[in-house]
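> The structure follows.
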Amino acid sequence: MAFSLDHVVFFGRTWEECMGMYALEASELGGRTILDCAGGPDGLVGGGLERGIDITAVDPQYSEPPDVLDARGRSEIASSMRAWQSDPAVAFEPDVAADYEAKKLEALAAFIAAYRNTPDRFVTGALPDLPFSTGAFDLVLSGHFLFLYASLDDGGMLEHNAFDLDFHIRAVHELVRVGREVRIFPTYTTHGPPRRQPYVEPVMAAMREAGHAVQLTPANWVQGNLTTLNDVLVIRRTDGPG
Ligand SMILES: C[S@@+](CC[C@H](N)C(=O)[O-])C[C@H]1O[C@@H](n2cnc3c(N)ncnc32)[C@H](O)[C@@H]1O
37 MAFSLDHVVF FGRTWEECMG MYALEASELG GRTILDCAGG PDGLVGGGLE
87 RGIDITAVDP QYSEPPDVLD ARGRSEIASS MRAWQSDPAV AFEPDVAADY
137 EAKKLEALAA FIAAYRNTPD RFVTGALPDL PFSTGAFDLV LSGHFLFLYA
187 SLDDGGMLEH NAFDLDFHIR AVHELVRVGR EVRIFPTYTT HGPPRRQPYV
237 EPVMAAMREA GHAVQLTPAN WVQGNLTTLN DVLVIRRTDG PG
C-alpha cells in the first residue's frame, strides 16, 4: 500500500540528527536563545540544556502529561515505520530501517526525560500563531512539519490538504516574527519523483519580498535513503525588532 498519513505524527530526531539536519554545530549555539517549533518528541531541548544552551520547544501536543506522550510516541514510531516499510516506493533497506527506528526511540527517551524534569521549557502552541513576543528568540529551528506535511499531491505525506501554501506562508512569517534566524528542514518531497517541495520557492519569494535574506544550505545529515535535495532553508530577518 502507498504510504500516507491522516495526521501529523509525534515522531522526533536525536540531538545529533537535529544538528546535522540544521547544518549547525553545538559550538555555534552558546549565548543564543533558541526555539524548537514544532518540537514534537525530539532531543533538542534535552541535549541543549545539557550543554548549557537556552532552548525552549513549542508544540500543540505539549498540553498532555509525560506518560500520555511517551505511550503516543512509542505507538506512532511503531505504526508509521510499519506503514513506511510496507510501501516499496519509499521503504528503507532493513538495516537502515532498524537504525532509523532505534534513533527515534532514543530521541523519544531524551525528550520524555527533559519533559518530566524541565516542564517550563515546553510550551503548548501551534502555528501560525505562536504564544511568544516579537523577537523573543535569536534562532528558530523547525523540523519535519513544514513542507513535509503538505498533501500527497504536493509531494508531502498527508492524505488531506490542511497545511496548504497559504498556511505555509503565514507560518513562516510567524517563525520569522519570533526569531531573527529561522532554519527549516526538510525541503524535498517524500511522495512521487524526488523534487524540491513545491511550496519552498513561493515561501522563499514571500520572505524575500518582506525584505529577509533567504538561502538553501546543504544539511549534514541524510535521512534513510532520502539523499536528493537535502538542504535546509535558512531565513535571516533583516528588518524590525530583535
Ligand atoms: C514529526 S514531529 C517533528 C519533531 C521534530 N521537530 C523533528 O524534526 O524530529 C511534528 C510535530 O508537529 C506538530 N504540529 C502539528 N500541527 C502543528 C502546528 N499547527 N504548529 C506547530 N506544530 C504542529 C505535531 O504535534 C508534531 O509533534
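Residue 145 in the numbering used here sits at position 109 of the sequence shown; the count goes up by one each step and never skips.
Don't be surprised by glycine CBs; every beta carbon is placed ideally from N, CA and C.
1) What span of residues does the beta strand (DSSP E) with P249 cover, start to end?
2) Can you list, in chain order, the residues of its chain whose CB lies under 8 Å from that of E100, leaving out five sequence neighbours each side?
3) Which residue wins for smallest C-alpha separation from L188, given the options G48, P229, G215 and G56?
4) Measuring CB to CB, does P124 end up less than 9 Å from F183?
5) Per DSSP, C73 is paired with what?
6) For S10 and W257, I'd like the C-alpha separation in whole angstroms.
7) Spell out a yes or no on whether the region 203–223 and the region 128–146 are touching, meaning 3 or more CB-CB pairs, one atom from each, closer than 8 Å.
8) Does the region 156–168 come close enough to the region 56–68 that 3 or more CB-CB pairs lie under 8 Å?
9) Where does L105 sit, in a helix, a strand or coil, going by DSSP?
10) At what residue ranges does the region 163–243 contain a whole run of the beta strand (DSSP E), taking only runs of 3 or more?
11) Bridge partners of L262, per DSSP?
12) Which one of D103, K139 and T92 has the shortest CA to CA distance from A114?
13) Can you tell me whether DSSP reads R152 as helix, strand or coil?
14) Could you give the DSSP three-state label for D267: helix, strand or coil?
15) Report yes or no: do three or more beta-carbon pairs, one from the region 263–275 and one from the region 72–85, lie closer than 8 Å?
16) Any heavy atom of ligand 1 within a distance shorter than 8 Å of the CB on R157?
17) Given this structure, state the Cα-to-Cα distance separating A9 from S178, to the nearest angstrom.
So, from the listed chains and residues:
1) For the purposes of this step, residue 249 is identified with residue 213 of the sequence shown, where counting begins at 1. Per the sequence presented here, residue 249 reads as Ala, with Pro not at that position. Residues A249 to P254.
2) Here the question's residue 100 lines up with position 64 in the sequence shown. Result list for E100: R108, in chain order.
3) Along the sequence shown, one-based indexing puts residue 188 at 152. Comparing Cα-Cα distances from L188 to each of G48, P229, G215 and G56, the minimum goes to P229.
4) Translated into positions along the sequence shown, residue 124 becomes position 88. Translated into positions along the sequence shown, residue 183 becomes position 147. Not in contact: P124 and F183 (Cβ atoms no closer than 9 Å).
5) Here the question's residue 73 lines up with position 37 in the sequence shown. C73 pairs with V94.
6) Given a span of 37 to 278 for the chain in the structure shown, any question on residue 10 remains unanswerable.
7) no
8) no
9) Numbered from 1 along the sequence shown, position 69 holds the residue referred to as residue 105. Reduced to three states, the DSSP call for L105 is helix.
10) 173–179 and 215–221
11) What you label residue 262 is simply residue 226 of the sequence shown in a count that begins at 1. Answer is Q259.
12) Counting from 1 along the sequence shown, the entry for residue 114 is found at position 78. Considering only alpha carbons, the answer is K139.
13) If you number the sequence shown from 1, residue 152 lands on position 116. DSSP places R152 in helix when its eight states are reduced to three.
14) Locating residue 267 in the sequence shown gives position 231, counting from the first residue. Note: D267 maps to strand in three-state DSSP.
15) no
16) Here the question's residue 157 lines up with position 121 in the sequence shown. The answer is no for R157.
17) Because the chain is modelled from 37 through 278, residue 9 falls outside the range shown and cannot be assessed.
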